[in-house]
Amino acid sequence: MRVLFNLSTNIRKLNVHSALAFAGMAGPVVLIVTDIVASSANPGYSLVRDSISSLALTKLGWVQTIGFLAIGLLVEIFTAGLLYNIRTRRAFHLSITCLVIVGFGMLLLGAFRTDPVGAPDTAEGIIHHIAATAVFWLFPIASLLIAPSIKNDPYWQNVYKYTIITGILGFILVIMVAILENTSSWFGLAERLLVANMIIWVEVMAFKLLYLSLTRDSS
7 MRVLFNLSTN IRKLNVHSAL AFAGMAGPVV LIVTDIVASS ANPGYSLVRD
57 SISSLALTKL GWVQTIGFLA IGLLVEIFTA GLLYNIRTRR AFHLSITCLV
107 IVGFGMLLLG AFRTDPVGAP DTAEGIIHHI AATAVFWLFP IASLLIAPSI
157 KNDPYWQNVY KYTIITGILG FILVIMVAIL ENTSSWFGLA ERLLVANMII
207 WVEVMAFKLL YLSLTRDSS
């Protein structure tokens, strides 16, 4: 009964900030599910060798496209939650701008497909590549820029070190992906580790935002 009572109490506390948190929580889940579904439908596809974007060229490519579009939109929505819930310091708004561009870049990844490996470059493929490059580089920059504000806010301080680690790891992984691109059978794995680093941070921050949205009013 106590569990049910606590659940009922928390449901009554849900607010706009909770909705923004749910958007952040849903985005990574959608991307993971669409990646698994699309890759499972293609026996010749390798999660270790092949890029995430190349799934859009397969028979269930539309599923992967939905994944990119969904996480792009949901990250945009979730970023508003960070904007209104973290005490600002220098570079905070620049970090939010970077996150907004990251979300928009993911939308572009869904809207414009990559070119097949070895095929001539197309305008669509070039846009896709530019969007991917922007997303991969801007995310660790955003993480490190937002870190001082997180450190300065007592409600968020416990994710400060994790955010710093995420930013540093992001730079290491994006360099690794750049080195392995089109030259290694491990490229798909490296790219997935890079994306995992990004979406796990979004998931952690979204859960933190949800928790705060349910507890701040009661404190």
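The opening position of the sequence shown corresponds to residue 7 in our numbering, with each subsequent residue numbered one higher. The beta carbon of each residue, even a glycine, is placed where N, CA and C say it ideally should be.
Ignore the nearest five residues each way along the sequence and tell me which others in I152's own chain have a CB closer than 6 Å to its CB. S101
Please name the residue, chosen from L66, G124, G78, M182, that lies closest to G109 on a Cα-to-Cα basis. G78
Are S219 and N48 close, meaning C-beta to C-beta below 7 Å? no
According to DSSP, is L66 part of a helix, a strand, or is it coil? coil
Rounded to whole angstroms, how far is the Cβ of M211 from the Cβ of G176, which I believe are closer than 8 Å? 14 Å between Cβ atoms; not a contact.
My understanding is that S45 touches L61, with C-beta atoms under 8 Å, so please give their C-beta distance in whole angstroms. 6 Å
Among S190, K157, V208, whose alpha-carbon lies nearest the alpha-carbon of R93? K157
Between the segment 159 to 167 and the segment 115 to 123, do at least 3 Cβ pairs fall closer than 8 Å? no
What's the gap between the Cα of P146 and the Cα of C104? 9 Å
Rounded to the nearest angstrom, what separates W143 and Y90 at their Cα positions? 24 Å
Segments of 4+ residues assigned as alpha helix (DSSP H) that fall wholly inside the segment 14 to 96: 22 to 46, 67 to 89
Does DSSP classify T139 as helix, strand or coil? helix
Note down the Cα distance separating V165 from A137, rounded to an integer number of angstroms. 28 Å
For R8, collect the residues of the same chain with a Cβ closer than 7 Å to its Cβ; drop the 5 residues on either side in sequence, then sort them by chain order. At R8 the pLDDT is 43, less than 50, meaning the model places this residue with poor confidence and gives no usable figure here.
Given that a residue counts as buried once 16 or more other Cβ atoms are within 10 Å of its Cβ, and exposed if not, what is S57? buried
What residue does the alpha helix (DSSP H) around R198 start on, and which one ends it? 193 to 221
Among residues of its own chain, excluding the 5 on either side of S52, which ones have a beta-carbon nearer than 7 Å to its beta-carbon? G194
Buried/exposed call for I178, threshold 16 Cβ in 10 Å: exposed
Of the residues T172, T189, Y217, F213, which one's Cα is nearest the Cα of M200? Checking the displayed sequence, the identity of residue 200 turns out to be Leu instead of Met. Of the candidates T172, T189, Y217, F213, the one whose C-alpha sits nearest the C-alpha of L200 is T172.
Could you compute how far the alpha carbon of M112 sits from the alpha carbon of S155? 25 Å
Between the Cα of G50 and the Cα atoms of I133, I38, K65, which residue gives the shortest distance? K65
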